[in-house]
Structures are given as structure tokens and as C-alpha cells.
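Novice:
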Amino acid sequence: MHELGVVFHVIDNVKEVTKEQGINHVEAVTLQLGTVSSVIPAYLQDCWKWAVGREALMKDCALIIEPIEAITFCEDCKEEYDTIRYGKVCPHCGSEHTYLLQGNEFIIKDITV
Amino acid sequence: MAKVIELNKSITESNDRDAQQLREELQEKGVLLINLMSSPGSGKTTLLSRTITDMHREVPIAVLEADIESAVDAEHIEALGASALQVHTDGMCHMDAGMTKRGLEGMDLSGIRIAFLENVGNLICPAEFDTGAHKNVMILSIPEGDDKPLKYPLMFSMADVLLITKIDTKQYFNFDMEQCMERVRHLNPKIEIFPVSAETGEGMKAWEDWLRKSLF
Ligand SMILES: Nc1nc2c(ncn2[C@@H]2O[C@H](COP(=O)(O)OP(=O)(O)O)[C@@H](O)[C@H]2O)c(=O)[nH]1
Ligand SMILES: [Mg+2]
Ligand SMILES: [Zn+2]
């Protein structure tokens, strides 16, 4: 639901870096997105197309999304499992003492200039 | 020639840095910033109005209104004697630290002890962005139902306080207070829960005492 907010954050970050390095056009941005980050890639692409159209620096800039799989760790049996499939409850031992190891990231991996 | 520049930068990182800075600046000034979150219509403005009426003479309060639902909220708060400012979020579904800081810079905070941020009415997105607040408070109103902690766990997991509001309407709704509290404490054992009615004033004292205790 906050895809537009995420897009603005990414653009602000890219602008900051390109200004420091005197870059005047960005062709592509690669984002690593956790699969439980609550951002929907298709919406993100729609917001992206609209938002980059407003920036000369990023005209027609592509957005490449690399998913990061969500993995949860169980503190009781020390096993890892697929978060999307099993949620908070460990499928190995039924414990709820679990925490997310990865999968909620929003990382700007790189930019192509 | 295309060149790839590695950034490996978490996009919440710069917001987290701004938030931390805002938190420190406000604490130095003795202003407690409270981020108030809920669905639209849960009763944020009504709760703030009652809190201001009860406490404003004793504890000066300011309100930054970000809720897109109601541009009249700021005027309503000012009529009660507290200072208020409406910020335009341009359709954004949450406030971030930069927007909060710019909003607060537009207000006179001298003598203010509590600044409330009435966040955008939304039970999901505001929970993911640190606004720079010292405390995060959320509202769940009785008509919304006791299953919301199951459907939207993130905000319940990060809030310092949950206000269960509109308790004056509980006879009309099938809302299991005990079960709701249990669900919330399961997600967040440290959360403080206050059932209140901003309409009748029931339960407001416990919430206002919590505010007094949290002042710098
Ligand atoms: N019965 C009752 N109604 C309330 C209470 N708090 C808010 N309301 C009503 O709920 C509606 C929405 O409240 P408002 O404060 O504007 O919600 P906001 O969108 O979260 O700011 C209004 O009609 C209020 O009068 C309460 O404690 N009891
Ligand atoms: Mg409101
Ligand atoms: Zn296990």
C-alpha cells in the first residue's frame, strides 16, 4: 500500500548519490525486495513509471526487482523454514518462538548509469 | 558506456537516521512527540480533542495533522486552544521522519510539552516508517472488531500503547475485550492497553496519567 512512498524514498536516495558523483542520467535501478516486505512488485512498477517521468535525471529509468526469499528461524528446534508457507509457527516442532531471518528487506542494490 | 554503481543501501536507513536525529532534538527541547495511528474514523481526532480539553491548561499540547480524511481536523483542534498544523501528504499513506520534521518546523513549539502527530488513517503503512516519535500509540475502536490484531499484526507489535476506544458502544458490537487483549499481548508483551471512551470520558484518566508519566 505504500508503494508510492517507497518509490519516493528510492528516488531521493538515487538523487543523493548521483549528485555526489556528478551523474546526469540513470538507466536502471536494481532493488532487492523481501517477499514479506508488504510491497507489491506490480504496484511498485506502476508507481515507478509515473514517478520517474517527473525526473529528468531518471527519464525512462528501468526498475529491476530481485526478490529475497522469506526465511524464519525457530529458537526451540533451531531449524529454518519458509515463512510464506508456514507463518509464525514452526512446521518442525510447532513452536511459536520464531523470528524472521530475512525477507522484509528493501535494499537499493545498484544503479546503472 | 553503461556503468553499474553498487549502493547496497537499505531505503529505510536514511529515514531511520532522520528519525533518530529528530527524536534527540525534540527531547533536548523537552517536547514529547507521540505518533498516533489508526484506521480512518477510529477516533484519533476525537481522542485528541478530549485529551486537550482535559490536560491543555496543565500540559501545553500541539498537534500536527496528517490525516488526509479530514482537512477540518486542524481547525477543530485549534478551536480547543491547542496549536495545530495541517500538513498535506500528497496522497502518501504514511508520514516519514522528514515530513514530520518539516511539519513541526512550521509550528511554534515554545513551551509545548507534548506534540501529537495524527498520522494518516491506515492500519498498515504507518507502522513501517519511523516518524521520529518517542512513543507510538495506536487506536483500535470497538466497531472495527477484535480480530484486527490477527489481520494487521505489525502495528500491534510495534506500538507502545493501544487505546481501545468507543467502549461506550460495546453493547452493540460483538467485541471480546479479553480475547482481543490476549491476542495483542501475544504479539507484544510490553504494550500498555487502555480501554477508553472519548465520548463519555470513561478510562481517559489512565491514558492521561500515562502521558504525564512519559513527559520529559
Ligand atoms: N461513540 C463514540 N464515538 C466516537 C468515539 N470516538 C470517536 N467517535 C466518533 O467516531 C467518528 C470518527 O472520529 P474521528 O475522531 O474523526 O476519527 P479519526 O478519523 O481517527 O480522526 C466521529 O463521528 C466521532 O464522533 C467514542 O469514544 N465513542
Ligand atoms: Mg482525524
Ligand atoms: Zn521448531
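Taken in sequence, the protein lines are chains A and B. The numbering used here runs 117 ahead of the 1-based position in the first sequence. Letter 147 of the second sequence, counting from 1, is numbered 133 in the numbering used here, and no numbers are missing. We treat Cβ as the ideally placed atom computed from N, Cα and C, and that holds for glycine. Predicted, not measured: the structure shown is a model, and the values here were computed from it.
What is the residue span of the alpha helix (DSSP H) that Gly151 of chain A lies within?
Specialist: Translated into the one-based positions of the first sequence, residue 151 of chain A becomes position 34. Gly151 of chain A -> not in any alpha helix (DSSP H); beta strand (DSSP E) instead, spanning Ala145 to Gly151.
Novice: Are the C-beta of Val206 of chain A and some C-beta of chain B separated by less than 8 Å?
Specialist: Start at 1 with the first residue of the first sequence, and residue 206 of chain A comes out as number 89. No, Val206 of chain A lies away from the interface with chain B (no Cβ there is under 8 Å from its Cβ).
Novice: What residues are listed by DSSP as bridge partners for Thr189 of chain A?
Specialist: Position 72 of the first sequence holds residue 189 of chain A. Beta-bridge pairing links Thr189 of chain A to A:Tyr198 and A:Leu217.
Novice: Report yes or no: do the segment 197 to 206 of chain A and the segment -6 to 10 of chain B share at least 3 C-beta pairs separated by less than 8 Å?
Specialist: Taking 8 Å as the limit for Cβ pairs, the verdict is that the segment -6 to 10 of chain B does not touch the segment 197 to 206 of chain A.
Novice: Given that Phe223 of chain A touches chain B, what residues does it touch there, using C-beta distances under 8 Å?
Specialist: Taking the first sequence and counting its residues from 1, one reaches residue 223 of chain A at position 106. Ordered by position in chain B, the residues that pass the 8 Å Cβ test against Phe223 of chain A are Ser(-4), Ile(-3) and Thr(-2).
Novice: Using only alpha-carbon positions, find the residue among B:Thr86, B:Gly84, B:Ile177 and B:Ser35 that is nearest to Ala65 of chain B.
Specialist: Here residue 65 of chain B is taken as the residue at index 79 of the second sequence, counted from 1. For the residues B:Thr86, B:Gly84, B:Ile177 and B:Ser35, the minimum Cα distance to Ala65 of chain B belongs to B:Ser35.
Novice: Rounded to a whole number of angstroms, what is the C-alpha to C-alpha distance between Lys15 of chain B and Ala101 of chain B?
Specialist: Along the second sequence, one-based indexing puts residue 15 of chain B at 29. Along the second sequence, one-based indexing puts residue 101 of chain B at 115. Rounded to the nearest angstrom, the two C-alpha atoms are 12 Å apart.
Novice: Which one of A:Leu121, A:Trp167, A:Leu174 and A:Val127 has the shortest CA to CA distance from Leu148 of chain A?
Specialist: Taking the first sequence and counting its residues from 1, the one referred to as residue 148 of chain A is at position 31. Closest option to Leu148 of chain A, Cα to Cα, is A:Val127.
Novice: Which term fits Lys191 of chain B, buried or exposed, when burial requires 16 or more other beta carbons within 10 angstroms of its beta carbon?
Specialist: Working through the second sequence from its first residue, we reach residue 191 of chain B at position 205. It is exposed - the Cβ of Lys191 of chain B has fewer than 16 other Cβ atoms within 10 Å.
Novice: Would you kindly work out how many angstroms separate the C-alpha atoms of Thr37 of chain B and Glu44 of chain B, rounded to a whole number?
Specialist: To locate residue 37 of chain B, count along the second sequence from 1; it is residue 51. To locate residue 44 of chain B, count along the second sequence from 1; it is residue 58. Going by the C-alpha atoms only, they are around 11 Å apart.
Novice: Enumerate in chain order the residues of its own chain whose CB-to-CB distance from Glu186 of chain A is below 7 Å, with the five nearest sequence positions on each side excluded.
Specialist: Numbered from its first residue, the first sequence carries residue 186 of chain A at position 69. Around Glu186 of chain A: Thr152 and Gly220.
Novice: Does Cys166 of chain B have its Cβ less than 8 Å from a Cβ in chain A?
Specialist: The residue labelled residue 166 of chain B in the question sits at position 180 within the second sequence. No, no contact with chain A.
Novice: Enumerate in chain order the residues of its own chain whose CB-to-CB distance from Trp196 of chain B is below 8 Å, with the five nearest sequence positions on each side excluded.
Specialist: Walking along the second sequence from the start, residue 196 of chain B turns up at place 210. Excluding residues within five positions, the ones whose Cβ falls inside 8 Å are Val147, Glu178 and Phe180.
Novice: Identify which residue in B:Val17, B:Gln6 and B:Ile(-3) has its Cα closest to the Cα of Gly97 of chain B.
Specialist: Stepping through the second sequence from its first residue, residue 97 of chain B is reached at position 111. Closest option to Gly97 of chain B, Cα to Cα, is B:Val17.
Novice: At a cut-off of 7 Å, would you count Gly107 of chain B as near ligand 1, judging by its Cβ distance to the nearest heavy atom?
Specialist: Working through the second sequence from its first residue, we reach residue 107 of chain B at position 121. Yes.
Novice: Who does Ala173 of chain A pair with in a DSSP beta bridge?
Specialist: What you label residue 173 of chain A is simply residue 56 of the first sequence in a count that begins at 1. Its beta-bridge partners do not exist; DSSP assigns none.
Novice: Under three-state DSSP, which class holds Ser(-4) of chain B?
Specialist: Looking up residue -4 of chain B in the second sequence gives position 10. In this structure, Ser(-4) of chain B counts as strand in the three-state DSSP scheme.
Novice: Taking the alpha-carbon of Asp133 of chain B as reference, which of B:Asp154, B:Glu168, B:Ile153 and B:Gln7 has the nearest alpha-carbon?
Specialist: Here the question's residue 133 of chain B lines up with position 147 in the second sequence. Considering only alpha carbons, the answer is B:Glu168.
Novice: Are there 16 or more other CB atoms within 10 angstroms of the CB of Pro112 of chain B, so buried, or fewer, so exposed?
Specialist: Taking the first residue of the second sequence as 1, we reach residue 112 of chain B at position 126. Per the 10 Å Cβ criterion, buried.
Novice: For Pro175 of chain B, which of B:Thr155, B:Asn(-6) and B:Phe142 has the nearest alpha-carbon?
Specialist: Stepping through the second sequence from its first residue, residue 175 of chain B is reached at position 189. Checking every option, the nearest Cα to that of Pro175 of chain B belongs to B:Phe142.
Novice: Does any CB atom of chain A fall closer than 8 Å to the CB of Ala68 of chain B?
Specialist: Taking the first residue of the second sequence as position 1, residue 68 of chain B is located at position 82. Answer no: the Cβ-Cβ gap between Ala68 of chain B and chain A never drops below 8 Å.
Novice: So what's Pro112 of chain B in DSSP terms, helix, strand or just coil?
Specialist: As a working note, residue 112 of chain B is residue 126 in the second sequence. Helix.
Novice: As a quick exercise: from B:Asn21, B:Ala184 and B:Met93, pick the residue whose alpha carbon is nearest that of Lys121 of chain B.
Specialist: The sequence position of residue 121 of chain B within the second sequence is 135, counting from 1. Checking every option, the nearest Cα to that of Lys121 of chain B belongs to B:Asn21.
Novice: Whole angstroms are fine: how far does the CA of Asp82 of chain B sit from the CA of Asp116 of chain B?
Specialist: Position 130 of the second sequence, counted from the start, is the residue given in the question as residue 116 of chain B. Position 96 of the second sequence, counted from the start, is the residue given in the question as residue 82 of chain B. Taking the straight line from one Cα to the other gives about 6 Å.
Novice: 8 Å is my cut-off, CB to CB: does Asn122 of chain B come that close to chain A?
Specialist: Residue numbering aside, residue 122 of chain B sits at position 136 when the second sequence is read from its first letter. No, Asn122 of chain B lies away from the interface with chain A (no Cβ there is under 8 Å from its Cβ).
Novice: Between the Cα of Ser(-4) of chain B and those of A:Leu150, A:Leu218, A:Glu196 and A:Ser212, spot the shortest distance and give me the residue it belongs to.
Specialist: Taking the second sequence and counting its residues from 1, one reaches residue -4 of chain B at position 10. Comparing Cα-Cα distances from Ser(-4) of chain B to each of A:Leu150, A:Leu218, A:Glu196 and A:Ser212, the minimum goes to A:Leu150.
Novice: Counting only beta-carbon separations shorter than 8 Å, does Val(-10) of chain B have a partner in chain A?
Specialist: Reading the second sequence from its first residue, position 4 is the one you call residue -10 of chain B. By this cut-off, Val(-10) of chain B is an interface position.
Novice: With DSSP as the reference, please indicate the residues paired to Val(-10) of chain B in a beta bridge.
Specialist: Within the second sequence, numbered from 1, the residue matching residue -10 of chain B stands at position 4. Paired residues: A:Thr229.
Novice: Based on DSSP bridge pairs, tell me the residues matched to Val49 of chain B.
Specialist: Looking up residue 49 of chain B in the second sequence gives position 63. Partner(s): B:Ala70 and B:Phe102.
Novice: Name, going along the chain, the residues of the segment 100 to 112 of chain B whose beta-carbon falls closer than 8 Å to a beta-carbon of chain A.
Specialist: Against chain A - using a Cβ distance shorter than 8 Å - the residues of the segment 100 to 112 of chain B are Asn108, Ile110 and Cys111.
Novice: Grouping DSSP H, G and I as helix and E and B as strand, with all else coil, what is Ala179 of chain A?
Specialist: One-based indexing of the first sequence puts residue 179 of chain A at position 62. Correct three-state label for Ala179 of chain A: strand.
Novice: May I ask whether a heavy atom of ligand 1 can be found less than 7 Å away from the beta carbon of Ala184 of chain B?
Specialist: In the second sequence, residue 184 of chain B corresponds to position 198, counting from 1. True, at least one ligand heavy atom lies under 7 Å from that Cβ.
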